[in-house]
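With our numbering applied, the sequence shown covers 111 to 234. Note that the Cβ used here is the ideal one computed from N, Cα and C, for glycine as well. Below: the structure, in structure tokens.
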Amino acid sequence: MALEKVIHEPWGIEQSGHDDERRTITTAYNGGLDGFTSAQVKFADIKGNDVLLGGHYHEYRELFYLRKGSAIITFEDVDTKERKVIEFNAQERLLIPPRVAHQVLIKAHSVLVGFVEEPYVSEN
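What follows is the structure in structure tokens.
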């Protein structure tokens, strides 16, 4: 089932970056994640209220990295209708397989980075 292929893992400075007195570098994605290749990167800086995003699926994979904040993500396998809900916290990343619908309730002042294998233009 597609939900078994969802990868949700911590991914912060300890795993992927560098921190010293000058700056902090965090790498959200640098290859090596189940063969994922990004064609587009988007940043969502959530303003003063919690926001509900998504409610759709793709025929390709999508990777999220939560730079700051927290969210609750609901998944549904579009073929089997199996559902899963996870808490998504800062410095975690999440790889969503094709045909898994996803809806994100993201907290105010969060920063979400999204990577997709094919360019995507949102209607909103």
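Per DSSP, which residues does LEU163 bridge with? Please list them. Secondary-structure assignment with DSSP links LEU163 through a beta bridge to VAL214.
Consult DSSP for ALA112 and reduce its assignment to one of helix, strand or coil. Correct three-state label for ALA112: helix.
Can you give the Cα-Cα distance for GLU169 and GLU131, rounded to whole angstroms? The C-alpha of GLU131 is placed about 43 Å away from the C-alpha of GLU169.
At which residues does the beta strand (DSSP E) containing PHE146 begin and terminate? Bounds of any beta strand (DSSP E) do not take in PHE146, whose DSSP letter is neither H nor E.
Pull up the DSSP beta-bridge partners for LYS130, would you. In the sequence as presented, Lys is not what sits at residue 130; that position holds Asp. ASP130 is not bridged to any residue.
Quick check: the Cα distance between ALA200 and ASP189, rounded to an integer number of angstroms? Each residue's alpha carbon lies about 30 Å from the other.
Less than 8 Å between the CB atoms is what I'm expecting for LEU222 and PHE174, so what's the real figure, rounded? Yes, they are in contact, since the Cβ atoms of LEU222 and PHE174 sit about 6 Å apart, within 8 Å.
Using alpha carbons as the reference points, say which of ASP187, ILE196 and ILE183 lies closest to ALA112. The shortest Cα separation from ALA112 among ASP187, ILE196 and ILE183 belongs to ASP187.
Helix, strand or coil: which one does DSSP assign to ILE156? The three-state secondary structure of ILE156, taken from DSSP, is coil.
Quick check: the Cα distance between ARG171 and LEU143, rounded to an integer number of angstroms? Approximately 11 Å between the Cα atoms of the pair.
C-alpha distance - PRO229 paired with LYS194, whole-angstrom precision: PRO229 and LYS194: Cα-Cα distance of roughly 26 Å.
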